[in-house]
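Let me begin by presenting the structure, written as structure tokens, before commenting on it.
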Amino acid sequence: MDGRGPLFDQIKRAVAGQILRGHWRAGERLPNEQALSTLYGVSRQTVHKAIALLAREGFLVRRRRAGTFVAKGRGDRFALPIEDIGDIVAREGRVYEFRVRERKTLANGEGIRWPDLPDGAPILVLECLHFGDGTPIQLERRLVSLDAVPEVVDESFDSVAPSRWLVDRVPWSSAEHTVRAVNATADAAALLGVEPGTACLSIRRQTMHLSRPVTLVHFLSAGDRFSLSGASITDSATELNL
């Protein structure tokens, strides 16, 4: 458990985290409430409340006399992967580097507005440039909710890129993507080393964990330097895995 908030919320996040990481897979029966209360060192009533909330949110299915199971597929859908750009560059046989160009903390609505967070909520603003073999391939502008990820304030990002750090450490349960083709503005073109007006791939992504916003990020990539593919999936465990 993470020590944040009421015990039932901590149990809820802990159980969801096991599902997200594939420890309990789609269709698999969970240990009973007594076993979970022993595992986490809390009362059975606390576990019951956490399990009830997860069932209400669609993570679990409760069957009378049979037990509680991880929810199965919720219909066919097309999903884009959440993959670190460093892994993509390395897989293509190129040398990956990154540079954090800007980092600041401010309140939501203070120059930048994140629609799904309340005004005044603390956010970390990051701008990062990613390189392959010394050539800039992607510009990343990211907002991180400090209420959802308070530990990020202690990370310097000297040796690990923000995207890599988040992929490795922060659970998420859903992601929304908006993908479109755009022409590079003069400022973006200068950073990517292309001519203004060059065709670029724009990806806006928001990740959530149990209906709570975690990060909102905009990636801009030169059209001939980056590609993205997804897959049609039906298994909710695959859908939720980190």
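Residue 1 is where the sequence shown starts when you use UniProt numbering, and the numbers rise one by one after that.
For every residue, glycine included, the Cβ atom is placed at its ideal position computed from N, Cα and C.
Predicted, not measured: the structure shown is a model, and the values here were computed from it.
- DSSP places residue 33 inside the alpha helix (DSSP H), whose first and last residues are 33 to 40.
- Taken through DSSP and simplified to helix, strand or coil, residue 94 comes out as coil.
- Judged by DSSP in its simplified three-state form, residue 53 adopts helix.
- Residue pairing by DSSP places residue 108 opposite no residue, since no beta bridge is assigned to it.
- With respect to the C-alpha of residue 40, the residue from 15, 121, 61, 223 having the closest C-alpha is 15.
- In the structure shown, residue 166 falls within a helical segment according to DSSP collapsed to helix, strand and coil.
- Inter-residue distance for residue 43 and residue 37 is about 6 Å (C-alpha atoms, whole angstroms).
- Here residue 102 has 127 as same chain residues with Cβ atoms under 6 Å from its own Cβ, once five neighbours each way along the sequence are excluded.
- In its chain, beyond the 5 residues on either side, 100 have a beta carbon closer than 6 Å to the beta carbon of residue 157.
- Look at residue 59 here: in three-state DSSP terms it is coil, with no helix or strand label.
- Residue 176 is bridged by DSSP to 206.
- Straight across, the Cα-Cα distance linking residue 20 with residue 59 is about 10 Å.
- Excluding its 5 nearest sequence neighbours in each direction, residue 104 has C-beta neighbours in its own chain below 7 Å: 125, listed in chain order.
- Residue state for residue 88 is assigned as helix, using DSSP reduced to three classes.
- Remark: C-beta atoms of residue 183 and residue 197 approach each other more closely than 7 Å.
- Nearest in C-alpha terms to residue 56, of all of 70, 27, 45, 33, is 70.
- In the DSSP assignment, residue 69 is bridged to 29, 61.
- The distance from the Cβ of residue 149 to that of residue 170 is about 6 Å, consistent with a contact at the 8 Å cut-off.
- Using a 10 angstroms sphere on the CB of residue 144, the tally of other CB atoms reaches 16 or more, which defines it as buried.
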